[in-house]
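Residue numbers (our numbering): 332 to 577.
For each residue, glycine too, the CB sits at the ideal point set by N, CA and C.
Just so you know, these numbers come straight off a predicted model, no measurement behind them.
For reference, the structure discussed in these notes is given below.
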(Lines of atoms letter the chains of each structure in order from A and count residues from 1; the text may use other names and numbers.)
(Lines give C-alpha, C1' and ligand atoms only; values in the text may rest on other atoms or scores of the structure.)
Protein backbone atom coordinates (compact mmCIF):
# COMPACT_ATOMS: atom_id res chain seq x y z
CA UNK A 1 0.00 0.00 0.00
CA UNK A 2 1.39 3.38 -1.04
CA UNK A 3 2.01 5.83 1.80
CA UNK A 4 1.89 9.61 1.51
CA UNK A 5 4.13 10.59 4.40
CA UNK A 6 4.63 14.26 3.57
CA UNK A 7 1.36 15.72 4.96
CA UNK A 8 1.60 13.78 8.23
CA UNK A 9 5.31 14.55 8.61
CA UNK A 10 4.77 18.26 7.97
CA UNK A 11 2.25 18.26 10.81
CA UNK A 12 4.03 16.04 13.33
CA UNK A 13 7.62 17.25 12.93
CA UNK A 14 6.95 20.95 13.70
CA UNK A 15 4.84 20.02 16.73
CA UNK A 16 7.67 18.04 18.34
CA UNK A 17 10.29 20.56 17.21
CA UNK A 18 8.48 23.48 18.87
CA UNK A 19 8.52 21.76 22.25
CA UNK A 20 12.19 20.88 21.99
CA UNK A 21 13.03 24.44 20.84
CA UNK A 22 11.69 25.78 24.14
CA UNK A 23 13.84 23.24 25.98
CA UNK A 24 16.92 24.21 23.96
CA UNK A 25 16.48 27.90 24.73
CA UNK A 26 16.09 27.11 28.43
CA UNK A 27 19.28 25.02 28.45
CA UNK A 28 21.15 27.75 26.55
CA UNK A 29 20.11 30.31 29.17
CA UNK A 30 21.10 28.01 32.05
CA UNK A 31 24.46 27.25 30.43
CA UNK A 32 25.12 30.96 29.86
CA UNK A 33 24.27 31.82 33.46
CA UNK A 34 26.62 29.11 34.75
CA UNK A 35 29.37 30.26 32.38
CA UNK A 36 29.05 33.90 33.42
CA UNK A 37 28.95 33.01 37.11
CA UNK A 38 32.19 31.04 36.73
CA UNK A 39 33.96 34.20 35.59
CA UNK A 40 33.29 35.84 38.96
CA UNK A 41 35.34 33.21 40.81
CA UNK A 42 38.55 34.69 42.13
CA UNK A 43 41.93 33.65 40.76
CA UNK A 44 42.97 32.25 44.14
CA UNK A 45 39.97 29.92 44.33
CA UNK A 46 40.24 26.26 43.37
CA UNK A 47 36.52 25.99 42.58
CA UNK A 48 35.65 24.49 39.21
CA UNK A 49 32.23 24.82 37.58
CA UNK A 50 31.08 22.30 34.97
CA UNK A 51 28.09 21.81 32.69
CA UNK A 52 27.62 18.32 31.27
CA UNK A 53 23.88 17.71 31.43
CA UNK A 54 22.75 18.55 27.90
CA UNK A 55 22.56 15.05 26.42
CA UNK A 56 20.69 13.49 29.33
CA UNK A 57 18.37 16.48 29.73
CA UNK A 58 17.55 16.40 26.00
CA UNK A 59 16.80 12.67 26.21
CA UNK A 60 14.38 13.29 29.09
CA UNK A 61 12.77 16.10 27.08
CA UNK A 62 12.20 13.79 24.13
CA UNK A 63 10.86 11.10 26.46
CA UNK A 64 8.22 13.60 27.60
CA UNK A 65 7.52 14.64 24.01
CA UNK A 66 7.05 10.98 23.10
CA UNK A 67 4.52 10.57 25.90
CA UNK A 68 2.54 13.69 25.01
CA UNK A 69 2.65 13.79 21.20
CA UNK A 70 1.84 10.27 20.02
CA UNK A 71 -1.85 10.23 20.97
CA UNK A 72 -2.78 13.67 19.66
CA UNK A 73 -0.83 13.15 16.43
CA UNK A 74 -2.54 9.82 15.76
CA UNK A 75 -6.00 11.25 16.44
CA UNK A 76 -5.36 14.17 14.10
CA UNK A 77 -4.01 11.96 11.33
CA UNK A 78 -6.93 9.53 11.52
CA UNK A 79 -9.44 12.38 11.44
CA UNK A 80 -7.93 13.51 8.14
CA UNK A 81 -7.99 10.02 6.63
CA UNK A 82 -4.34 9.10 7.19
CA UNK A 83 -3.82 5.40 7.90
CA UNK A 84 -2.36 4.17 11.17
CA UNK A 85 0.73 2.81 9.46
CA UNK A 86 1.43 6.09 7.67
CA UNK A 87 0.85 8.10 10.85
CA UNK A 88 3.10 5.81 12.90
CA UNK A 89 5.98 5.77 10.39
CA UNK A 90 5.70 9.54 10.08
CA UNK A 91 5.88 9.81 13.87
CA UNK A 92 9.05 7.69 13.87
CA UNK A 93 10.62 9.85 11.16
CA UNK A 94 9.67 13.01 13.07
CA UNK A 95 11.22 11.66 16.27
CA UNK A 96 14.40 10.67 14.42
CA UNK A 97 14.72 14.06 12.71
CA UNK A 98 14.10 16.01 15.92
CA UNK A 99 16.68 13.84 17.70
CA UNK A 100 19.23 14.62 14.98
CA UNK A 101 18.45 18.35 15.04
CA UNK A 102 18.63 18.53 18.83
CA UNK A 103 21.90 16.56 18.89
CA UNK A 104 23.46 18.83 16.24
CA UNK A 105 22.26 21.94 18.09
CA UNK A 106 23.76 20.56 21.28
CA UNK A 107 27.14 20.18 19.60
CA UNK A 108 26.96 23.79 18.42
CA UNK A 109 26.26 24.89 21.98
CA UNK A 110 29.01 22.71 23.43
CA UNK A 111 31.55 23.77 20.82
CA UNK A 112 30.76 27.47 21.24
CA UNK A 113 30.94 27.17 25.02
CA UNK A 114 34.30 25.39 24.86
CA UNK A 115 35.72 28.05 22.53
CA UNK A 116 34.47 30.94 24.69
CA UNK A 117 35.87 29.43 27.89
CA UNK A 118 39.12 28.04 26.46
CA UNK A 119 41.16 30.34 28.69
CA UNK A 120 39.01 29.84 31.78
CA UNK A 121 40.29 26.88 33.84
CA UNK A 122 37.36 27.20 36.27
CA UNK A 123 34.66 26.31 33.76
CA UNK A 124 34.35 22.95 32.02
CA UNK A 125 31.80 22.02 29.36
CA UNK A 126 31.40 18.42 28.26
CA UNK A 127 28.78 15.89 27.26
CA UNK A 128 28.18 12.17 27.53
CA UNK A 129 30.45 11.18 24.62
CA UNK A 130 33.31 13.25 25.98
CA UNK A 131 32.98 11.85 29.50
CA UNK A 132 32.63 8.20 28.42
CA UNK A 133 35.13 7.91 25.58
CA UNK A 134 37.63 10.77 25.93
CA UNK A 135 37.82 11.65 29.60
CA UNK A 136 37.27 14.90 31.45
CA UNK A 137 40.80 16.09 30.62
CA UNK A 138 39.83 16.57 26.95
CA UNK A 139 38.77 20.23 26.94
CA UNK A 140 37.90 20.64 23.23
CA UNK A 141 36.73 18.30 20.48
CA UNK A 142 37.70 17.98 16.84
CA UNK A 143 35.07 18.11 14.10
CA UNK A 144 35.01 14.31 13.83
CA UNK A 145 34.59 13.96 17.58
CA UNK A 146 31.68 16.41 17.51
CA UNK A 147 30.06 14.21 14.82
CA UNK A 148 30.48 11.12 16.99
CA UNK A 149 29.13 12.99 20.01
CA UNK A 150 26.07 14.04 18.00
CA UNK A 151 25.53 10.41 16.94
CA UNK A 152 25.70 9.23 20.56
CA UNK A 153 23.22 11.87 21.73
CA UNK A 154 20.86 11.34 18.78
CA UNK A 155 20.74 7.58 19.40
CA UNK A 156 19.90 8.05 23.08
CA UNK A 157 17.31 10.75 22.35
CA UNK A 158 15.57 8.64 19.70
CA UNK A 159 15.36 5.62 22.01
CA UNK A 160 14.06 7.75 24.88
CA UNK A 161 11.39 9.28 22.63
CA UNK A 162 10.20 5.82 21.59
CA UNK A 163 10.21 4.74 25.24
CA UNK A 164 7.90 7.67 25.98
CA UNK A 165 5.61 6.57 23.15
CA UNK A 166 5.62 3.04 24.58
CA UNK A 167 4.39 4.14 28.00
CA UNK A 168 1.77 6.41 26.44
CA UNK A 169 0.44 3.66 24.17
CA UNK A 170 0.61 1.04 26.92
CA UNK A 171 -1.58 3.04 29.29
CA UNK A 172 -3.84 3.93 26.37
CA UNK A 173 -4.52 0.27 25.65
CA UNK A 174 -5.03 -0.88 29.25
CA UNK A 175 -8.34 -0.63 31.04
CA UNK A 176 -8.53 1.08 34.42
CA UNK A 177 -7.70 -1.89 36.70
CA UNK A 178 -4.69 -2.87 34.60
CA UNK A 179 -3.60 0.77 34.43
CA UNK A 180 -3.36 0.79 38.22
CA UNK A 181 -1.45 -2.51 38.18
CA UNK A 182 0.98 -1.20 35.55
CA UNK A 183 1.47 2.10 37.39
CA UNK A 184 2.47 0.20 40.53
CA UNK A 185 4.46 -2.57 38.81
CA UNK A 186 6.64 -0.48 36.49
CA UNK A 187 8.48 1.48 39.26
CA UNK A 188 8.88 -1.75 41.23
CA UNK A 189 10.37 -3.52 38.22
CA UNK A 190 12.69 -0.63 37.37
CA UNK A 191 14.05 -0.60 40.91
CA UNK A 192 13.75 -4.31 41.69
CA UNK A 193 15.20 -5.96 38.58
CA UNK A 194 18.71 -4.45 38.98
CA UNK A 195 18.77 -5.56 42.63
CA UNK A 196 17.59 -9.05 41.67
CA UNK A 197 20.19 -9.30 38.91
CA UNK A 198 22.88 -8.23 41.37
CA UNK A 199 21.74 -10.82 43.92
CA UNK A 200 21.73 -13.59 41.31
CA UNK A 201 25.26 -12.65 40.33
CA UNK A 202 24.80 -12.00 36.61
CA UNK A 203 28.03 -10.58 35.22
CA UNK A 204 27.39 -7.63 32.90
CA UNK A 205 31.04 -6.66 32.60
CA UNK A 206 31.51 -8.25 29.13
CA UNK A 207 28.46 -6.39 27.86
CA UNK A 208 29.60 -3.10 29.40
CA UNK A 209 33.08 -3.60 27.98
CA UNK A 210 31.59 -4.05 24.51
CA UNK A 211 29.21 -1.12 24.98
CA UNK A 212 31.99 1.28 25.96
CA UNK A 213 34.58 -0.11 23.57
CA UNK A 214 33.56 2.29 20.81
CA UNK A 215 31.05 5.11 20.23
CA UNK A 216 29.67 3.09 17.32
CA UNK A 217 28.90 0.11 19.59
CA UNK A 218 27.21 2.52 21.99
CA UNK A 219 25.08 4.01 19.21
CA UNK A 220 24.28 0.54 17.83
CA UNK A 221 22.88 -0.54 21.20
CA UNK A 222 20.52 2.44 21.39
CA UNK A 223 19.41 1.97 17.79
CA UNK A 224 18.65 -1.72 18.42
CA UNK A 225 16.67 -0.72 21.51
CA UNK A 226 14.83 1.87 19.43
CA UNK A 227 14.03 -0.78 16.82
CA UNK A 228 12.63 -3.11 19.48
CA UNK A 229 10.51 -0.32 20.94
CA UNK A 230 9.25 0.57 17.46
CA UNK A 231 7.97 -2.98 16.93
CA UNK A 232 6.31 -3.07 20.36
CA UNK A 233 4.74 0.36 19.81
CA UNK A 234 3.29 -0.73 16.47
CA UNK A 235 1.81 -3.87 18.04
CA UNK A 236 0.18 -1.69 20.71
CA UNK A 237 -1.08 0.82 18.17
CA UNK A 238 -2.37 -1.32 15.33
CA UNK A 239 -5.51 -2.43 17.20
CA UNK A 240 -5.91 0.46 19.62
CA UNK A 241 -9.37 2.01 19.92
CA UNK A 242 -8.55 5.56 18.85
CA UNK A 243 -11.37 8.01 19.45
CA UNK A 244 -11.65 11.52 18.09
CA UNK A 245 -10.45 14.32 20.35
CA UNK A 246 -13.24 16.07 22.25
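DSSP bridge partner residues for residue 441 (one or two, in chain order): None; residue 441 has no bridge partner.
Of the listed residues 363, 486, 471 and 498, nearest to residue 398 (C-alpha basis): By alpha-carbon distance to residue 398, the top candidate from 363, 486, 471 and 498 is 498.
Test item: CB-CB of residue 424 and residue 340 under 9 angstroms: Result yes, Cβ atoms of residue 424 and residue 340 sit closer than 9 angstroms.
Coil, strand or helix - residue 456 by DSSP: Secondary structure of residue 456 (DSSP, three-state): strand.
Nearest-angstrom Cα separation, counted from residue 462 out to residue 577: Note that residue 577 has pLDDT 48, beneath the 50 cutoff, so the model's placement of it is unreliable and no number is given.
Per DSSP, the bridge partner or partners of residue 382: 456.
As assigned by DSSP and simplified to three states, the class of residue 416: Helix, per DSSP.
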